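>
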Amino acid sequence: MYFFASKVLSFFLSPSNLLVALGVIGALAWLFLSPRGGSTIMAASVFCLAIAGLSPLGNLLLIPLEERFPRAPDGEPPAGLIILGGAFDTVIAGARGDVALTKAAERLTQVAELARRWPESRIVFSGGSGTLLYDGVTEADLAARLLESFGVASDRIVLEDRSRNTVENARFTRDLVSPAPTERWFLVTSAYHMPRAVGCFREQDFPVEAWPVDYRTRGARDVVRPFSSVGAGLQRVDVAVREWVGLVSYWLLGYVSVPLPRP
Numbered sequence: 001m002y003f004f005a006s007k008v009l010s011f012f013l014s015p016s017n018l019l020v021a022l023g024v025i026g027a028l029a030w031l032f033l034s035p036r037g038g039s040t041i042m043a044a045s046v047f048c049l050a051i052a053g054l055s056p057l058g059n060l061l062l063i064p065l066e067e068r069f070p071r072a073p074d075g076e077p078p079a080g081l082i083i084l085g086g087a088f089d090t091v092i093a094g095a096r097g098d099v100a101l102t103k104a105a106e107r108l109t110q111v112a113e114l115a116r117r118w119p120e121s122r123i124v125f126s127g128g129s130g131t132l133l134y135d136g137v138t139e140a141d142l143a144a145r146l147l148e149s150f151g152v153a154s155d156r157i158v159l160e161d162r163s164r165n166t167v168e169n170a171r172f173t174r175d176l177v178s179p180a181p182t183e184r185w186f187l188v189t190s191a192y193h194m195p196r197a198v199g200c201f202r203e204q205d206f207p208v209e210a211w212p213v214d215y216r217t218r219g220a221r222d223v224v225r226p227f228s229s230v231g232a233g234l235q236r237v238d239v240a241v242r243e244w245v246g247l248v249s250y251w252l253l254g255y256v257s258v259p260l261p262r263p
């Protein structure tokens, strides 16, 4: 139930969708109710779209998440690398019969170097199909194809293909690999997603160490950096707001113990 509710809510809580909806409401009000009130609502919609799309707002929201977890320190090689799904477009891949990557592709592409760096570590990919309306292949199927094309031996690859969200990533992966208390396990996911992901694994009594990838900002330098297009800025705001809403909702539902997990 949470999976379906989260997909529906994520659409309506997306700032870009909300602001467009506000503009449509203003247009309808202008046509049928009050031209003055409707024009005010439409003006507010355009103004907010401009602020969200061109100002550094998206960076301001994303930087605290990206900077939260540094990469794991040197030491004992990890027993395994856990890569979370989100790097594949399963709908396009299913329709085209090919591997289709998203902007989070670095979750997978960096594993090629990490697999060579730690040749004895298991490579665990966790991801099923997170689509609600369209059928596609599972991310695990695509990950297996891509990892083998990188030269990773198939006997090192462990696939978890049932999970649809971060909570299930943690739960199903723990059940699959049964980590020993003395083992190091590195979690590979987008830097902005790392706090929520680590929090979920901790709640499953699976202590993982962060290996963030897929940085979207340069760090504090981007606090004042505006965007050159409204579309790029809105996309950044949507990603950041979705992650913050995810963190708060996971905390309220008991999936993570604190609103913003820390190292």
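So that you can map any letter, position 121 of the sequence shown is 121 in the UniProt record's numbering, and since no number is skipped, the others follow by simple counting. Quick reminder that beta carbons are idealized off the backbone N, C-alpha and C, glycines included. For clarity, every value in this text was computed on a predicted model and none was experimentally measured.
Whose C-beta lies closer than 6 Å to the C-beta of valine 241 among residues of the same chain, with five residues either side of it excluded?
Here the set comprises Pro15.
> Quick check on DSSP: helix, strand or coil for glycine 80?
Three-state result, glycine 80: strand.
> For chain C, find out if any of its Cβ atoms is closer than 7 Å to the Cβ of phenylalanine 186; answer yes or no.
Judged by its chain identifiers, the structure shown contains no chain C, having just a single protein chain.
> Mind checking who tryptophan 211 pairs with in its DSSP beta bridge?
In DSSP, tryptophan 211 forms a bridge with Val188.
> Name the one or two DSSP bridge partners that glutamate 160 has.
Bridge partners of glutamate 160: Ser126.
> Check the C-beta distance from valine 167 over to leucine 60 and give it rounded, since I have them as a contact under 8 Å.
In fact, because the Cβ distance is near 27 Å, the residues do not count as touching under 8 Å.
> Span of the alpha helix (DSSP H) holding glutamate 120?
Element bounds for glutamate 120: n/a, residue is neither H nor E.
> Compute the beta-carbon to beta-carbon distance between alanine 79 and tryptophan 211, rounded to the nearest angstrom, for a pair I have assumed lies under 8 Å.
At roughly 13 Å, the Cβ-Cβ gap does not stay under 8 Å, so alanine 79 and tryptophan 211 are not in contact.
> With the cut-off set at 7 Å, would you say glutamine 110 and valine 24 are in Cβ contact?
No.
> Give me the residue from Phe69, Leu159, Thr90 with the minimum Cα distance to glycine 219.
Answer by Cα proximity: Phe69.
> When the Cα atoms are used, what is the spatial distance from tryptophan 244 to proline 259?
Near 9 Å, if we compare the C-alpha coordinates of proline 259 and tryptophan 244.
> Do you know offhand how far isoleucine 83's Cα is from leucine 247's?
Those two C-alpha atoms are separated by around 19 Å.
> Have a look at Ser55, Glu67, Gly53, Leu22 and flag the residue whose alpha-carbon is nearest the alpha-carbon of proline 261.
Checking every option, the nearest Cα to that of proline 261 belongs to Glu67.
> Leaving out the 5 sequence neighbours to the left and right, which residues in its chain are closer than 7 Å to serine 10 when beta-carbon positions are compared?
Only Arg242 meet the Cβ criterion.
> With DSSP as the reference, label leucine 13 as helix, strand or coil.
DSSP places leucine 13 in coil when its eight states are reduced to three.
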